[in-house]
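**Student:** This is the structure, below, for whatever I ask next.
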Amino acid sequence: MKNILIVLSGPTGVGKTDIALDIAEHFNTEIISSDSRQFYREMRIGTAVPDDQLLKRIKHHFIQFISVDEYYSSSRFERDVLNILPEIFIKNRFAIMAGGSGMYIDAVCHSIDDIPDVTPEIREKYINLSKNEPVESLRVALKLVDPVYYSLVDLKNSKRIIRALEICETTGRPYSSFLTNQKRERDFVILKIGLTRPREELYERINSRVDKMIEEGLTEEVRALYGMKHLNALNSVGYREIFEYLEGNITYEKSIELIKRNTRRFAKRQMTWWSRDKDINWFHPDQKSEIIKFITGKAMKIE
RNA sequence: GGGGAGAUACCAAAGCGGCCAACUGGGGCAGACUGUAAAUCUGCUGUCGAAUGACUUCGUAGGUUCGAAUCCUGCUCUCCCCA
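This is the structure in structure tokens:
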């Protein structure tokens, strides 16, 4: 009998945490978080980390385990999850991975190509380059070192161009040569459950959740991180808007409004990401018992 | 009661005789995405259509003009000032 990884995804604010807990409790197993911002120790309120009581009820992995100044990536996540899964499967046939970071989830589900890490010097060089040079010159550089990728990328997206240039310089090989597009088979079965709600319902929940975060002291959490605002981890919804307020660029009310809007947009982008994944079985979060029934039914058919 | 300013698409706001279905911003919608991805980037947003395009719009009713969101007149409403 193969082991089963239940992958629970859905847009921010849809109600993943509760369902994940219920499912984990029902199958008496543990939860792997696939939420790239809940990884960070210093970001708690703004990323809606489950409270201590809940965390005590069920063992969670990858929650607040690194610091905002540490480098992490979807590839490392893939490696780390694949490392920890066998331990969970010793005790239980089911494991559950819940979160909303599409790329991280995909890395675990079918792998991401092996590409060497970029050295900090090269990274810094290109970050500066992108600040000082127009996109055109980055394009020209890319065309020279990797014409294949040049023809594939969104040439308006300087972040993508820079990544390719960094890899080319680090490895001495074209970035495109690393992209195999191969999906690696895993030795466990993946069962994808998606949670969704009518747009209006979702947006209402998002709005009130932001208000709740503010009540819980999001502003103070962000203020304490002010010195680190340049870090990528803090370029996150809920943080950057409050930084703007702290710098006096916008009013407090405006920052809250922007957090709501940006969270809504984020949720929309998440839905777009998953819309092409035909393996996801969609449910409304209220359908808790149906979800568990669905999983049980599928599990019985898996040899 | 007198004088002035204004009414433009979901909102804000430009346009002030033809190049206007109407700049721009917001909001919304749709999409791309193999590396700090809650990031980054793109398209659409009067109606119908895949599209050429067709049709209905700029408070309202008329008028001037080959032609009006743009000019004139009445009306309605909003704001400001004086009484």
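Residue numbers (this note's numbering): 2 to 304. Every residue, glycine too, gets a C-beta built ideally from N, C-alpha and C.
1) For E31, count the other beta carbons within 10 Å of its own beta carbon; 16 or more makes it buried, fewer makes it exposed. Which is it?
2) For W274 versus G103, is the C-beta distance shorter than 7 Å?
3) Decide if the stretch 228 to 246 is in contact with the stretch 173 to 192; the criterion is three or more beta carbon pairs, one per stretch, under 8 Å apart.
4) When you compare each of D115, N129 and A49 to P121 by their alpha carbons, which one comes out closest?
5) Can you look up S10 in the DSSP assignment and give me helix, strand or coil?
6) Quick one: using the 10 Å Cβ neighbour count with 16 as the cut-off for buried, is T264 buried or exposed?
7) Does the stretch 157 to 171 touch the stretch 192 to 204, meaning 3 or more C-beta pairs lie closer than 8 Å?
8) Confirm, please, whether the CB-CB distance from A96 to L86 is below 7 Å.
9) Between the Cα of G100 and those of E88, T18, S138 and M214, spot the shortest distance and give me the residue it belongs to.
10) Just confirm the distance between the C-beta atoms of V15 and I106, as a whole number of angstroms; I'd bet it's less than 8 Å.
11) List in chain order: all unbroken alpha helix (DSSP H) runs of 4+ residues lying wholly within the stretch 201 to 254.
12) What does DSSP give as the partner residue(s) for M98 in the beta ladder?
13) Three or more beta-carbon pairs under 8 Å between the stretch 133 to 140 and the stretch 56 to 71, yes or no?
14) Examine the Cβ distances between the stretch 226 to 234 and the stretch 198 to 218 and report whether three or more of them are shorter than 8 Å.
15) Quick one: give me the first and last residue of the alpha helix (DSSP H) that N133 is part of.
16) Cutting at 6 Å between CB atoms, please list the residues of its own chain near I207, excluding the five before and the five after it.
17) To the nearest whole angstrom, what separates the beta carbons of S131 and S159, a pair I think is in contact under 8 Å?
18) Buried or exposed for S237, please, with buried defined as at least 16 other CB atoms from any protein chain shown within 10 angstroms of its CB.
19) Rounded to whole angstroms, what's the CA-CA distance from E34 to F66? Just pull it up for me.
20) Is it buried or exposed for L145, if we count other Cβ within 10 angstroms and need 16 for buried?
21) Is it right to say S10 is buried, meaning 16 or more other beta carbons lie within 10 angstroms of its own, or is it exposed?
22) Measuring alpha carbon to alpha carbon, tell me which residue in R45, S256 and H27 is nearest T297.
23) Cα-Cα, which of E79, G173 and N133 is closest to H111?
24) Report back the beta-carbon spacing between P175 and V149 to the nearest angstrom; my notes put them in contact at under 8 Å.
25) Just the Cα atoms here: how many angstroms apart are L247 and L143?
26) Closer than 6 Å by C-beta to V211: which residues in its own chain qualify, once you throw out the five before and the five after it? Chain order, please.
27) Decide if I281 is buried, meaning its Cβ has at least 16 other Cβ atoms within 10 Å, or exposed.
28) When the Cα of P12 is compared with those of D23, K289 and E202, which residue comes out closest?
29) For K193, which of helix, strand or coil comes out of DSSP?
30) Would you call the CB atoms of Y127 and I163 closer than 7 Å?
31) Under 8 Å by Cβ, that's how I've got R94 and N4 pegged, so tell me the actual separation to the nearest angstrom.
**Tutor:** In brief:
1) As a working note, residue 31 is residue 30 in the first sequence. Buried, since its Cβ has 16 or more Cβ neighbours within 10 Å.
2) What you label residue 274 is simply residue 273 of the first sequence in a count that begins at 1. What you label residue 103 is simply residue 102 of the first sequence in a count that begins at 1. In contact: W274 and G103 (Cβ atoms closer than 7 Å).
3) no
4) Residue mapping note: residue 121 aligns to position 120 of the first sequence, counting from 1. Ranking the options by Cα distance to P121, first place goes to N129.
5) Taking the first residue of the first sequence as 1, we reach residue 10 at position 9. Note: S10 maps to strand in three-state DSSP.
6) As a first step, residue 264 is located in the first sequence; it is residue number 263 there, counting from the start. Label assigned to T264: buried.
7) no
8) By one-based count along the first sequence, residue 86 stands at place 85. By one-based count along the first sequence, residue 96 stands at place 95. Yes, these two residues count as a Cβ contact at 7 Å.
9) In the first sequence, the residue the question calls residue 100 occupies position 99. It is T18 whose Cα lies nearest to the Cα of G100.
10) On the first sequence, residue 15 is found 14 positions in, with the first residue counted as 1. On the first sequence, residue 106 is found 105 positions in, with the first residue counted as 1. Contact flag wrong, Cβ pair sits at about 15 Å.
11) 219 to 225 and 241 to 247
12) Stepping through the first sequence from its first residue, residue 98 is reached at position 97. In DSSP, M98 forms a bridge with V8 and I33.
13) no
14) Look at the beta carbons and you see the stretch 226 to 234 not touching the stretch 198 to 218: under three pairs across the two are nearer than 8 Å.
15) Taking the first sequence and counting its residues from 1, one reaches residue 133 at position 132. From DSSP, the alpha helix (DSSP H) with N133 extends over P121 to N133.
16) Here residue 207 corresponds to residue number 206 of the first sequence, with the count starting at 1. Within the same chain, I207 has close Cβ partners G14, T264 and R265.
17) On the first sequence, residue 131 is found 130 positions in, with the first residue counted as 1. On the first sequence, residue 159 is found 158 positions in, with the first residue counted as 1. Contact holds; Cβ gap of about 5 Å.
18) For the purposes of this step, residue 237 is identified with residue 236 of the first sequence, where counting begins at 1. Its Cβ being crowded by 16 or more others within 10 Å, S237 is buried.
19) Here residue 34 is taken as the residue at index 33 of the first sequence, counted from 1. Here residue 66 is taken as the residue at index 65 of the first sequence, counted from 1. In the sequence as presented, Glu is not what sits at residue 34; that position holds Ser. Roughly 11 Å between the two C-alpha positions.
20) Looking up residue 145 in the first sequence gives position 144. Counting Cβ neighbours within 10 Å, L145 comes out exposed, since fewer than 16 surround it.
21) Indexing the first sequence from 1 puts residue 10 at position 9. Answer is buried; the Cβ neighbour count reaches 16.
22) Walking along the first sequence from the start, residue 297 turns up at place 296. When only C-alpha atoms are compared, the closest one is H27.
23) Along the first sequence, one-based indexing puts residue 111 at 110. Comparing C-alpha distances from H111 to each of E79, G173 and N133 shows the shortest one belongs to E79.
24) Taking the first sequence and counting its residues from 1, the one referred to as residue 175 is at position 174. Taking the first sequence and counting its residues from 1, the one referred to as residue 149 is at position 148. Indeed they touch by this definition, with Cβ atoms about 6 Å apart.
25) The sequence position of residue 247 within the first sequence is 246, counting from 1. The sequence position of residue 143 within the first sequence is 142, counting from 1. Answer to the nearest angstrom: the Cα atoms are 38 Å apart.
26) Counting from one through the first sequence, the residue named residue 211 turns up at place 210. Excluding positions up to five away in sequence, the list reads I260 and K261.
27) Mapped onto the first sequence, residue 281 falls at position 280. By the neighbour-count rule (16 or more Cβ atoms within 10 Å), I281 is buried.
28) Taking the first sequence and counting its residues from 1, the one referred to as residue 12 is at position 11. Minimum Cα distance to P12 is reached at E202.
29) In the first sequence, counting from the first residue as 1, residue 193 sits at position 192. If DSSP states are grouped into helix, strand and coil, K193 belongs with the strands.
30) As a working note, residue 127 is residue 126 in the first sequence. As a working note, residue 163 is residue 162 in the first sequence. Yes. Within cutoff.
31) Taking the first sequence and counting its residues from 1, one reaches residue 94 at position 93. Taking the first sequence and counting its residues from 1, one reaches residue 4 at position 3. Indeed, because the Cβ distance is near 5 Å, the residues count as touching under 8 Å.
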